[in-house]
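Read the structure below first, then the notes.
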Amino acid sequence: AICLIFAPFLAFAFLVYDLGPGEGRQWIRLARALWWAGAIPCMFFTILKIGEWLSRSLSMDHLNPSWCLTPASNLLAALVAPIIPVFPSNARGPHTPFSGTLFGQSSTAIELATFFWATGIFISVILLVLTLLAAITTPNLTPEPMRSTCYVWLTIPTLGGLSYLVINLGKAADTVTVVAWFSSSYYVSLVLFMGLCAAWLPNRQFFGRNKFDMSYWN
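Here the sequence shown stands for residues -24 to -1, 1 to 194, numbered as in mature numbering (1 follows the signal peptide of the UniProt record, and there is no 0).
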């Protein structure tokens, strides 16, 4: 998952913008630069990855939950884009209501976030179903280090629900529907987490059969 190299830029962009001292333009510019430095490569490698999947002969044995990290990086970009001023024209002064959006961003920034969200959620849902099916029905997760990647499943409903809420809450006429969609994604994350916790039980032994060390993640 080469997107892991660039996804931290998106998180740092939010931290710089939210925790930077004051509202100086230098922090806004840095946050914007970090977002673009992370978002563009993530989308680029997502497109390349789709082409790779289509051009190769793959089977269910090749699937593992780490594949979900690629579209999850796009969901992270969609989450951060409505919060920081990704376009220079919106980087003046503190947060103010603009175009009916929640964080005072322009409709162009919201459309950009929607583009990343739509791309990420479409691929994520497909991969979530396929990798969950692979974990249940095939032995491809038999090596213990591969099983730790199952926790990547939690990123899909979590980032998907949060980004949908941030994008739509300020502009949607029916906020109840937006909040309900976010609540549904939260409950899906909760059920997945409890299911993964249940897999640690001694009578299940899906996790924890090998000694936990750095080689566990190789």
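Where a beta carbon is used, it is the ideal one built from N, C-alpha and C, also for glycine. Quantities reported herein were computed from a predicted structural model and do not represent experimental measurements.
Asked	Found
Length of the line joining the Cα atoms of A175 and F169	10 angstroms
Cβ contact (3+ pairs, closer than 8 angstroms) linking the region 49 to 62 and the region 10 to 19	yes
Straight-line Cα distance separating T107 from G27	19 angstroms
Same chain, Cβ closer than 7 angstroms to C126, neighbours up to 5 away in sequence not counted	P41, A111 and L172
Rounded C-alpha distance that separates W43 from V101	12 angstroms
Cβ-based burial, I60 [other Cβ within 10 Å; buried from 16]	buried
8 angstroms contact criterion, which S165 and T134 should meet: CB distance rounded	5 angstroms
Rounded separation between L(-15) and V154 - CA only	24 angstroms
Burial state of V142 (16 or more Cβ within 10 Å)	buried
Coarse secondary structure for F158, derived from DSSP in three states	helix
Residue interval of the alpha helix (DSSP H) (run including Q181)	No alpha helix (DSSP H) holds Q181; DSSP gives it neither H nor E.
Endpoints, alpha helix (DSSP H) assigned at R8	R1 to S31
Neighbourhood of G69 by C-beta, 6 angstroms cutoff - its chain only, sequence neighbours within 5 removed	Bear in mind that the predicted position of G69 carries a pLDDT of just 43, short of 50, making it unreliable; the figure below should be weighed with that in mind. Nothing meets the Cβ criterion.
Exposure of V167, with buried meaning 16 or more beta-carbon neighbours within 10 Å	exposed
CB of V62 within 9 angstroms of CB of R5, strictly	no
Proximity of I(-20) and P47 at Cβ, strictly below 9 angstroms	no
CB of P58 within 9 angstroms of CB of A94, strictly	no
Same chain, Cβ closer than 6 angstroms to R32, five either side skipped, listed in chain order	none
Length of the line joining the Cα atoms of Y163 and P64	37 angstroms
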